[in-house]
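Everything in the sequence shown is counted per my numbering, starting at 16 for the first residue and increasing by one. Don't be surprised by glycine CBs; every beta carbon is placed ideally from N, CA and C. None of the values given here were measured: they were computed from a predicted structure. Step one of this worksheet: look at the structure below.
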Amino acid sequence: MTTFLGMPYAPRGVGHLRGDEPFPVAARAALADTQLRRNLGKATRTIRAKRAAVVAELPDWEELRAAGQAIKQHTLAHLDHYLEQLESRVREHGGTVHWARDANEANRIMTGLVRATGADEVVKVKSIVTDEIGLNEALAGAGITAHETDLAELIVQLGHDRPSHILVPAIHRNRAEIREIFLREMPGVDPGLTDTPAALAEAARRHLRRRFLSARVGISGANFAIAETGTLCVVESEGNGRMCLTLPGTLITVMGIEKVIPSWRDLEVFLQLLPRSSTGERMNPYTSLWTGVTPGDGPQRFHLVLLDNGRTAALADPVGRQALHCIRCSACLNACPVYERAGGHAYGSVYPGPIGAVLSPQLTGVEDNASLPYASSLCGACFDACPVRIDIPSLLVHLRARHVEEAARGRRLPTAEAVAMAAASWVMASPRRYAAAQRTGRAGRALGRGGRIRRLPPPLSAWTAARDAPAPPAQTFREWWQREHGGADGSAG
Ligand code: SF4
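Here is the structure:
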């Protein structure tokens, strides 16, 4: 039985964390899209270069990374304490705190809060956790329209599309495609709109300004929540967040429970790590901080929804819990060669790339996103890029092992892979058997062309479906050794 802060409960909804198709199937389609690969390659190369330049400016970057990691480890080890402290401080400052065990519960709470205001529209700051729980759809089901106000989220929403990157949700779109979406979907847009960045931004600004000024309810996520004072923090680049957080009369913030940090001193570390790792900036343009309600200034009703949705289950895994350290900077996506080629949609989860491959399976249960831990070459670029030193490659291997163990449980007959591995183990345990197997395997040379085998017969065809296999060499190492050194066959070494 899963537990939520010590209470048993059965998960009822995971929102948009589960893909329709396994990664290999979805990635095959994405790889055939040359425009997508061009867009992604250009965007990720640009962000990587910007990040590398600003990170190189800090002589204590590695110490900052270690500090970020230590703060997250400490917070998760005392999560119950810091969440209760946060709840108390928010209440003391006039806010209301709600606890949501899963996506369904969070959506029910938030839909009820919006309905209670009588509003049928809300403005939203970009929030991946609202994508995770499928909030927009839940609001739509209750007759409430959610307007995304981040430029990239607006592009995704108007294009009836799905986000493909944590930070740049429309990274798969180029300027010409965005212009077409605006001309088709944006009410009152200038028909002479060009695809220059300034013209596109101006069109979005005019469209959004009307929404901001009429909205009665704002919805946001949170980058951090400071337990010692009950202060929430949102960082963003466009000023749309500041509008959503200050103009409406009611503000509803939903955040994963792992976003809490103990103190303002801890925030100092993350405000250096996050902008450099995400947008390649020394400091993000807008950092909004608020504590409960301030009479006569900003929203006069503030609700904080604290969401579990699988996080306490991840916390129970001493290895897997590292994924909860993530500050959603997206540096691991930009560094990942698999993400750069397949794009975010192939992961099928709102959390794409390396962090999605280790977070989503833990939030849903490994069996529900079983293909994601395999969506990696384990090159380690994600670990090097991560500002809080999450060892993503080790997590991927850990989750693969969990998947294999869970899949084996309850199965009466071993899989073909398990039989093959047992046979390989038996062969390799004996030098004589190993030498005999090498001699037999040499027959496979007939299948090779140019030193590579492109197609093997079943069941080995599963291997060559996605990669070549090297053709067996004309002579084995042992034969070469015997010829060169005589006598010994190399089997003793
Ligand atoms: S895992 Fe690390 S690099 Fe990736 S998004 Fe999270 S914090 Fe950033």
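Anticipated Cβ contact below 8 Å, residue i with residue j, distance rounded
{"i": "Q377", "j": "G325", "result": "7 Å"}
{"i": "D383", "j": "I86", "result": "Their Cβ separation, rounded to whole angstroms, is 30 Å, which puts D383 and I86 out of contact at 8 Å."}
{"i": "P388", "j": "L411", "result": "5 Å"}
{"i": "T111", "j": "A157", "result": "At roughly 20 Å, the Cβ-Cβ gap does not stay under 8 Å, so T111 and A157 are not in contact."}
{"i": "A185", "j": "V320", "result": "At roughly 26 Å, the Cβ-Cβ gap does not stay under 8 Å, so A185 and V320 are not in contact."}
{"i": "T209", "j": "G236", "result": "Wrong, their Cβ atoms sit about 33 Å apart, outside the cutoff."}
{"i": "Y362", "j": "A350", "result": "Their Cβ separation, rounded to whole angstroms, is 15 Å, which puts Y362 and A350 out of contact at 8 Å."}
{"i": "A82", "j": "V284", "result": "5 Å"}
{"i": "A242", "j": "I276", "result": "7 Å"}
{"i": "F38", "j": "A438", "result": "About 28 Å separates the two Cβ atoms, so there is no contact after all."}
{"i": "I407", "j": "P369", "result": "5 Å"}
{"i": "F3", "j": "M201", "result": "Residue 3 lies beyond the residue range present for the chain, which begins at 16 and ends at 508; the question has no answer from this structure."}
CA-to-CA distance, residue j to residue i, given in whole angstroms
{"i": "G311", "j": "R356", "result": "50 Å"}
{"i": "G358", "j": "H418", "result": "24 Å"}
{"i": "A115", "j": "A338", "result": "20 Å"}
{"i": "A385", "j": "A416", "result": "11 Å"}
{"i": "T18", "j": "L322", "result": "Since pLDDT at T18 reaches only 37, below the 50 mark, its modelled position is unreliable, and the value read off the structure follows with that caveat. Roughly 13 Å separates the two Cα atoms."}
{"i": "L169", "j": "N54", "result": "18 Å"}
{"i": "L20", "j": "L462", "result": "With a pLDDT of only 37 at L20, under 50, the local geometry of the prediction cannot be trusted, and no value is derived from it."}
{"i": "P23", "j": "A331", "result": "Caution is warranted here: a pLDDT of 37 is assigned to P23, below 50, making its placement in the model unreliable, and the coordinate value is therefore given only provisionally. If you take the alpha carbons of P23 and A331, they lie about 13 Å apart."}
{"i": "G28", "j": "A118", "result": "Note that G28 scores 49 on pLDDT, short of 50, meaning its location in the model is unreliable; the coordinates nonetheless yield the value given after this. Each residue's Cα considered, the two are about 5 Å apart."}
{"i": "E499", "j": "L471", "result": "33 Å"}
{"i": "R493", "j": "S440", "result": "19 Å"}
{"i": "A396", "j": "R336", "result": "20 Å"}
{"i": "W76", "j": "T90", "result": "21 Å"}
{"i": "R467", "j": "R482", "result": "10 Å"}
{"i": "V171", "j": "P263", "result": "23 Å"}
{"i": "L98", "j": "E195", "result": "45 Å"}
{"i": "A161", "j": "R123", "result": "15 Å"}
{"i": "R206", "j": "A219", "result": "Here the sequence assigns Pro to residue 206, which means Arg is not the residue at that position. Straight-line Cα distance between these residues: approximately 14 Å."}
{"i": "R52", "j": "H180", "result": "14 Å"}
{"i": "L591", "j": "L79", "result": "Any question about residue 591 goes unanswered here, given that the chain covers just 16 to 508."}
{"i": "S278", "j": "N238", "result": "14 Å"}
{"i": "R43", "j": "T59", "result": "20 Å"}
{"i": "L94", "j": "T244", "result": "16 Å"}
{"i": "A451", "j": "S445", "result": "10 Å"}
{"i": "M16", "j": "F398", "result": "Caution is warranted here: a pLDDT of 35 is assigned to M16, below 50, making its placement in the model unreliable, and no coordinate value can be reported."}
{"i": "S303", "j": "H113", "result": "22 Å"}
{"i": "E72", "j": "S375", "result": "33 Å"}
Residue i and residue j closer than 9 Å at C-beta
{"i": "G174", "j": "R188", "result": "yes"}
{"i": "A346", "j": "C401", "result": "yes"}
{"i": "I143", "j": "Y354", "result": "no"}
{"i": "P485", "j": "G456", "result": "no"}
{"i": "L348", "j": "R316", "result": "no"}
{"i": "I159", "j": "V138", "result": "no"}
{"i": "T145", "j": "I272", "result": "no"}
{"i": "S292", "j": "V70", "result": "yes"}
{"i": "V403", "j": "L247", "result": "no"}
{"i": "L154", "j": "A240", "result": "no"}
{"i": "G254", "j": "V105", "result": "no"}
{"i": "A64", "j": "G295", "result": "yes"}
{"i": "P352", "j": "S392", "result": "yes"}
{"i": "E163", "j": "K141", "result": "yes"}
{"i": "Q453", "j": "T491", "result": "yes"}
{"i": "A45", "j": "H318", "result": "no"}
{"i": "P212", "j": "R177", "result": "no"}
{"i": "R231", "j": "T309", "result": "no"}
{"i": "L260", "j": "V250", "result": "no"}
{"i": "S252", "j": "Y301", "result": "yes"}
{"i": "A41", "j": "D48", "result": "no"}
{"i": "L215", "j": "F197", "result": "yes"}
{"i": "Q84", "j": "H340", "result": "yes"}
{"i": "V381", "j": "E432", "result": "no"}
{"i": "G256", "j": "D165", "result": "yes"}
Cβ of residue i within 9 Å of any chain B Cβ
{"i": "G368", "result": "Checking the listed chains, one finds no chain B in this structure; it contains a single protein chain."}
Where the alpha helix (DSSP H) containing residue i begins and where it ends
{"i": "T61", "result": "49-71"}
{"i": "G368", "result": "368-379"}
{"i": "T209", "result": "Where T209 is concerned, there is no enclosing alpha helix (DSSP H), given that its DSSP letter is neither H nor E."}
{"i": "I148", "result": "143-148"}
{"i": "H162", "result": "Per DSSP, H162 belongs to no alpha helix (DSSP H); it is in the beta strand (DSSP E), 160-163."}
{"i": "I407", "result": "407-423"}
Residue range of the beta strand (DSSP E) that includes residue i
{"i": "A329", "result": "Careful: A329 lies outside any beta strand (DSSP E), inside the alpha helix (DSSP H) at 326-330."}
{"i": "G233", "result": "232-235"}
{"i": "G271", "result": "265-271"}
{"i": "T246", "result": "246-251"}
{"i": "L304", "result": "301-306"}
{"i": "R316", "result": "316-322"}
{"i": "E136", "result": "136-139"}
{"i": "V115", "result": "It should be noted that the sequence gives Ala, not Val, for residue 115. That run of the beta strand (DSSP E) goes 111-115."}
Any non-hydrogen atom of ligand 2 closer than 8 Å to residue i Cβ
{"i": "A400", "result": "Of the ligands one can find in the structure shown, namely ligand 1, none is ligand 2."}
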